[in-house]
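Residues in the sequence shown are numbered consecutively from 18, following the numbering used here.
Let me begin by presenting the structure, written as structure tokens, before commenting on it.
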Amino acid sequence: MNRDKARDKIFKESEDVEGIHVRGYSFADGLDMKDFIESLKSTGFQASHLGKAIDIAKKMRKDGVTIFLGFTSNMISSGVREPILHLVKNKMVHVLVTTAGGVEEDIIKTLKPFVLGDFRLDGAKLRERGVNRIGNILVPNDRYIEFEKVFTPLLHQLFTEQKETGKIATPSEICRRLGELADETSVLHWAAKNNIPVFCPGITDGSMGDMIFFFKSEHPEFKLDVTDDVVKLEDIVLDAKETGAIILGGSLPKHHIMNANMMREGTKYTIYINTAMEGDGSDSGALPEEAKSWGKTAADADTVKVQCDATIAFPLLVAGAFVD
Numbered sequence: 018m019n020r021d022k023a024r025d026k027i028f029k030e031s032e033d034v035e036g037i038h039v040r041g042y043s044f045a046d047g048l049d050m051k052d053f054i055e056s057l058k059s060t061g062f063q064a065s066h067l068g069k070a071i072d073i074a075k076k077m078r079k080d081g082v083t084i085f086l087g088f089t090s091n092m093i094s095s096g097v098r099e100p101i102l103h104l105v106k107n108k109m110v111h112v113l114v115t116t117a118g119g120v121e122e123d124i125i126k127t128l129k130p131f132v133l134g135d136f137r138l139d140g141a142k143l144r145e146r147g148v149n150r151i152g153n154i155l156v157p158n159d160r161y162i163e164f165e166k167v168f169t170p171l172l173h174q175l176f177t178e179q180k181e182t183g184k185i186a187t188p189s190e191i192c193r194r195l196g197e198l199a200d201e202t203s204v205l206h207w208a209a210k211n212n213i214p215v216f217c218p219g220i221t222d223g224s225m226g227d228m229i230f231f232f233k234s235e236h237p238e239f240k241l242d243v244t245d246d247v248v249k250l251e252d253i254v255l256d257a258k259e260t261g262a263i264i265l266g267g268s269l270p271k272h273h274i275m276n277a278n279m280m281r282e283g284t285k286y287t288i289y290i291n292t293a294m295e296g297d298g299s300d301s302g303a304l305p306e307e308a309k310s311w312g313k314t315a316a317d318a319d320t321v322k323v324q325c326d327a328t329i330a331f332p333l334l335v336a337g338a339f340v341d
């Protein structure tokens, strides 16, 4: 191949491309938060996905859809708890789905704080000190001892009611009762106050499960009924005019929300924020397009996945779409 042909290959003629011009935020005039948030859409990469997520969240609010907020326990372990609390306190979301840790850690934080540590701390030495680690967040074990002082008396109360009335408690009832006991720094407190249901289908997968084990060892007749919560959740889905989902992280909350919405041929709006990869076939990593194949999100739904640590992305989403 001669040099002229090589030049033709390198300097190949091209067609023009229509679309948003890539441009980031200029700090020349300082910081205007509204303009900064708007600039995300034209920044590229995951910033543009976050900008789209903010627009979708605004549409959810404008259309008045029933918003399902799902989050894994580490969201409550971290400072994402406070943006979630903002949404619940101000009735900006309508249904919560979380894991056991998302329930118990919310209550624990009303009793004693979690402490910032480091990802590289020696695990064996922490164990000797009775200090648990969640990423770079430290949770001394006495926090769970304090939680037991709240949770076990509630189990006794529920068991007494079961024996007297025959009514078996549900996980969502436990979440509501815990919220009624908690102060105003608690997500569960505001959920109970604002009549926002909190579903925890994996309630035994955590400290609450440990305490239920010990309680049931002494009271084998004690029961929990997850089936009533399935009916309650599906009724909310079916009664809604339209639905939208904002899901932080993957695992059980993500699937529980999206699976429920199959009953209505999917959500109208879907936002995923997580770092999971699609390539391993996990539900956590699955993109909204995969959800469309199941009818979990509607074929014409407005969707986006922001592949980013939710501790970074979610506060920005709240700032852009839920602060009036």
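The C-beta atom is built at its ideal place from N, Cα and C for all residues, glycine as well.
- Taking the Cα of Gln63 as reference, the smallest distance to any Cα among Glu235, Asp80, Ala330 is reached at Ala330.
- As a beta-bridge residue in DSSP terms, Asn149 pairs with Val156.
- Under the 10 Å beta carbon count, Ala45 is surrounded by fewer than 16 other beta carbons and is classified as exposed.
- Taking 4 residues as the minimum length, the alpha helix (DSSP H) runs contained wholly in the stretch 115 to 139 are 117 to 128, in order along the chain.
- Annotation: the continuous alpha helix (DSSP H) that includes Asp256 extends over 244 to 256.
- The Cβ-Cβ distance between Leu133 and Arg160 does not fall below 8 Å.
- Here DSSP, grouped into helix, strand and coil, assigns Tyr286 to strand.
- Under the three-pair Cβ rule at 8 Å, the stretch 49 to 60 does not count as touching the stretch 299 to 315.
- With contacts defined as CB atoms closer than 8 Å, Lys240 and Ile185 qualify as a contacting pair.
- According to the DSSP assignment, Lys69 belongs to the alpha helix (DSSP H) that extends over 62 to 80.
- When the beta-carbon positions are compared, Met275 and Ala327 stay at least 8 Å from each other.
- Counting C-beta atoms within 10 angstroms of its own C-beta, His272 has 16 or more neighbours from the protein chains shown and is therefore classed as buried.
- With a cut-off of 8 Å on Cβ pairs, the stretch 195 to 212 is not in contact with the stretch 143 to 150, counting fewer than three such pairs.
- Secondary structure of Asp317 (DSSP, three-state): strand.
- Looking only at Gly296, Met294, Ile290, Ala303, the smallest Cα-Cα distance to Ile73 is reached by Ile290.
- Taking each of Glu178, Lys322, Ala293, Leu155 in turn and checking the Cα distance to Glu306, the smallest one comes out for Lys322.
- Put simply, the stretch 244 to 263 does not touch the stretch 115 to 128. Fewer than three CB pairs are less than 8 Å apart.
- Here Phe131 really is in contact with Val156; their C-beta atoms are around 5 Å apart, less than 8 Å.
- Shortest Cα-Cα distance from Leu250 to any of Gly266, Phe216, Met228, Asp242 involves Phe216.
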